[in-house]
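Residue numbers (the numbering used here), protein chains in the order written: chain A, 1 to 149; chain B, 150 to 298.
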């Protein structure tokens with residue numbers, strides 16, 4: 001990878017950026033039929049305001065993300081395409097030069113590599129879909145989420 | 150494509166099979182940030198028991214599928230990976246030699262090319278996630294769903 005600094009016309013990368021270089025080992029059961037009740041999935045606590053469950057397929061990852069009111073997701077970006085569906089509550093996003101409040105029953109489709117920050121305006125249940133699965137979430141190398149700013 | 154019949158050890162294809170050869174034109178807005186309330190998305194009626202809404206991204210498609218009790222989804226398969234999350238109700242699947250009832254709050258991860266059939270045991274709200282987006286659903290060439298058997 002080239003290391004020289006370039007004055008590019010592309011938007012600046014977020015402070016926390018996860019590129020395709022972050023890979024994840026293929027799960028042995030990724031290509032197998034699986035019936036997964038969410039209640040059977042480990043609920044990981046990332047910080048006092050943020051918990052998460054994952055169902056990881058081959059090329060699709062579903063994350064059920066529980067955010068308490070006031071939870072901040074610091075600005076970050078990733079090579080993974082993201083589709084966020086708010087099931088309960090509301091998240092305010094700062095993204096693409098705008099702020100957008102996504103309420104329950106609404107979807108935000110985020111292209112790859114677009115920096116975004118979010119804040120839970122209420123206690124929120126958020127379903128995040130990623131392609132490909134996010135290595136940093138699976139490998140738990142997502143330090144940007146592990147310590148409330 | 151070879152047309153000769155082969156006695157293969159692979160599992161038989163479903164009667165309705167959608168292969169990677171069914172492609173879909175890239176949507177102009179696929180790579181663009183989009184905020185989409187489900188209430189703003191066209192609700193397509195496929196048959197008296199089946200309705201559907203789509204949010205199509207670049208490599209991810211979300212489908213919100215509404216099935217009335219008794220709705221049958223005939224056996225079919227597709228090259229797309231599918232992850233089904235039942236939000237309300239229950240679907241019974243016939244898949245991989247088993248029958249599996251997936252209730253609200255549960256997920257079924259279906260690998261590519263695995264034939265499956267389903268029946269709604271109750272009025273059901275089903276969120277289906279596909280990678281890549283399903284050309285037959287976008288192009289409305291999914292005749293297997295358009296006429297209740």
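All residues carry an ideal CB built from backbone N, CA and C; glycine is no exception.
Exercise. What are the start and end residues of each continuous beta strand (DSSP E) run of 3 or more residues lying completely inside the region 163-220 of chain B, in chain order?
Worked result: Along the region 163-220 of chain B, the beta strand (DSSP E) occurs as fully enclosed runs of 3 or more residues at 165-167, 183-186, 193-196, 199-205 and 210-216, listed in sequence order.
Problem set entry | Close Cβ partners of residue 41 of chain A (< 8 Å) along its chain, the five nearest in sequence each way excluded | Counting only Cβ-Cβ distances below 8 Å, and skipping sequence neighbours, we find 53, 54, 55 and 64.
Problem set entry | Separation of residue 264 of chain B from residue 244 of chain B, as counted between CA atoms | Residue 244 of chain B and residue 264 of chain B have their C-alpha atoms roughly 6 Å apart.
Exercise. Can we say the region 75-85 of chain A touches the region 98-114 of chain A, given the rule of at least three CB pairs closer than 8 Å?
Worked result: Segments in contact, yes.
Exercise. Taking 8 Å as the CB-CB limit, is residue 258 of chain B close to chain A?
Worked result: Yes, residue 258 of chain B counts as interfacial toward chain A.
Problem set entry | Residues near residue 293 of chain B by beta carbon distance below 6 Å, same chain, minus five either side | Counting only Cβ-Cβ distances below 6 Å, and skipping sequence neighbours, we find 165, 223 and 225.
For this session: Would you verify that the beta carbon of residue 207 of chain B is, or is not, closer than 8 Å to some beta carbon of chain A?
Result: Yes - at least one Cβ of chain A is within 8 Å of the one on residue 207 of chain B.
For this session: Examine chain B for any beta-carbon lying closer than 8 Å to the beta-carbon of residue 119 of chain A, and answer yes or no.
Result: Not a single C-beta of chain B is nearer than 8 Å to the C-beta of residue 119 of chain A.
For this session: For residue 62 of chain A, go through chain B and note every residue whose CB falls closer than 8 Å to its CB, in chain order.
Result: Residues of chain B passing the Cβ test: 232, 234, 256 and 278.
Exercise. Beta-carbon of residue 284 of chain B versus every beta-carbon of chain A: anything under 8 Å?
Worked result: Chain A places no beta carbon closer than 8 Å to that of residue 284 of chain B, leaving this residue out of the contacts.
Problem set entry | With 16 other Cβ atoms within 10 Å as the buried cut-off, status of residue 154 of chain B | The pLDDT assigned to residue 154 of chain B is 48, lower than 50, so where the model puts this residue is not dependable; a value taken from the coordinates is nonetheless given after this. Under this definition residue 154 of chain B is an exposed residue.
Exercise. With contact counted as at least three CB pairs below 8 Å, one residue from each stretch, are the region 117-133 of chain A and the region 85-105 of chain A in contact?
Worked result: The region 117-133 of chain A makes contact with the region 85-105 of chain A, as at least three CB pairs between them are under 8 Å.
For this session: For residue 36 of chain A, collect the residues of the same chain with a Cβ closer than 7 Å to its Cβ; drop the 5 residues on either side in sequence, then sort them by chain order.
Result: Closer than 7 Å at Cβ, skipping near neighbours: 55.
For this session: Step through the CB atoms of chain B and report whether any lies within less than 8 Å of the CB of residue 76 of chain A.
Result: It does not: the Cβ of residue 76 of chain A has no partner Cβ on chain B nearer than 8 Å.
Exercise. Using a beta-carbon distance cut-off of less than 7 Å, what residues from the region 235-246 of chain B approach chain A?
Worked result: Answer in chain order: 244 and 245.
Problem set entry | Nearest-angstrom beta carbon gap, residue 106 of chain A and residue 71 of chain A [assumed within contact, 8 Å] | Residue 71 of chain A to residue 106 of chain A, Cβ: 18 Å. No contact.
Exercise. Who are the neighbours of residue 138 of chain B on chain A, taking C-beta pairs under 9 Å?
Worked result: Coverage of chain B is limited to positions 150 through 298, which leaves residue 138 of chain B absent and any answer about it impossible.
Problem set entry | For residue 61 of chain A, the nearest candidate out of B:281, B:291 and B:285 (CA to CA) | Comparing alpha-carbon positions, the option among B:281, B:291 and B:285 lying closest to residue 61 of chain A turns out to be B:281.
For this session: Give, in chain order, every residue of the region 31-42 of chain A whose Cβ lies closer than 8 Å to some Cβ of chain B.
Result: Taken in chain order, the members of the region 31-42 of chain A whose beta-carbon sits within less than 8 Å of a beta-carbon on chain B are 31, 32, 33, 34, 35, 36, 37, 38 and 39.
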